Amino acid sequence: DGGITQSPKYLFRKEGQNVTLSCEQNLNHDAMYWYRQDPGQGLRLIYYSQIVNDFQKGDIAEGYSVSREKKESFPLTVTSAQKNPTAFYLCASRDGNSPLHFGNGTRLTVT
Amino acid sequence: GQQVMQIPQYQHVQEGEDFTTYCNSSTTLSNIQWYKQRPGGHPVFLIQLVKSGEVKKQKRLTFQFGEAKKNSSLHITATQTTDVGTYFCAGWSSGSARQLTFGSGTQLTVLP
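Chains A and B, in that order, are what the protein sequence lines are. Its first residue numbered 2, the first sequence is counted upward by one per residue in our numbering. Its first residue numbered 60, the second sequence is counted upward by one per residue in our numbering.
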């Protein structure tokens, strides 16, 4: 089955540590996205990539970094510079003008 | 930048009652999409509206896109417990096709 895989589902880290969230898709989609969701709020765009080796900042990119070395993979690193990293992180992809397909998300807790 | 407002933030209804959520954009939208997120889950695409004044139906769900393409609504008739979740609208601005801006969502609770 085609889809988007995010791992792990739950992630715990100590404050001051960088952490990388995985996102893999086998849908052959060109565009991939990272969103952050806080309780009771909508989705805010962190970074997106329209094509391999290219990515753009979204609305809340500070404290995050990404790479897009392969079409299937779009990992997100939450750095120690992110002031409030505890959140639910959603990866998505799409093909052309199709709707977004989301992964199951990673719930990150930083203490 | 583009802003998409959605109201209400929360809605509790008795099973069988109707439900409506409203979405308003600060800019004209090229199209609008609706997603549903079940508790603990991820957003799942429901529908896309493209044309001014467009109305689409999916069983008990009715979606509308405003004449000015700046607002939209989702109406559920005779809610069921399976309708529980958060409903998000998301709009692509007319000037850019690369960023989808999400509304803050309406969390629907259906009481049996």
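Note that CB positions come from ideal geometry on N, CA and C, so glycine has one too. This structure is a prediction, so every number in the text was calculated from the model and none was measured.
- Look at B/D77 here: in three-state DSSP terms it is coil, with no helix or strand label.
- The beta-bridge partner set that DSSP reports for B/H71 consists of B/T168.
- The count of Cβ pairs closer than 8 Å, one atom from the segment 131-141 of chain B and one from the segment 88-100 of chain A, stays below three, leaving the stretches out of contact.
- Following the DSSP letters along the chain, one finds B/V143 in no beta strand (DSSP E), marked with neither H nor E.
- Of the candidates A/N19, A/N54, A/R108, A/N19 places its Cα closest to the Cα of A/K84.
- For A/D55, the secondary structure class from DSSP, reduced to helix, strand or coil, is strand.
- Three or more beta-carbon pairs drawn from the segment 55-72 of chain A and the segment 31-46 of chain A are found closer than 8 Å, and the two stretches are therefore classed as touching.
- Counting only runs of 3+ residues, the beta strand (DSSP E) found wholly inside the segment 75-133 of chain B occupies 78-84, 88-96, 103-108, 114-117, 120-124, in chain order.
- Per DSSP, the unbroken beta strand (DSSP E) holding A/F13 starts and ends at 11-14.
- Chain order gives the chain A residues near B/Q92 as P100, where near means a beta carbon separation below 7 Å.
- The beta carbon of B/G75 sits closer than 6 Å to the beta carbons of A137 from its chain, once the five residues preceding and following it are set aside; these are given in chain order.
- If you check each beta-carbon in the segment 100-120 of chain B against every beta-carbon of chain A, the ones closer than 8 Å belong to G100, H101, P102, V103, F104, Q107.
- Using beta-carbon distances, A/Y49 counts as an interface residue toward chain B, with a partner under 9 Å.
- Using a Cβ-Cβ cut-off of 7 Å, A/G43 is close to F147, F161, G162, S163, G164 of chain B, given in chain order.
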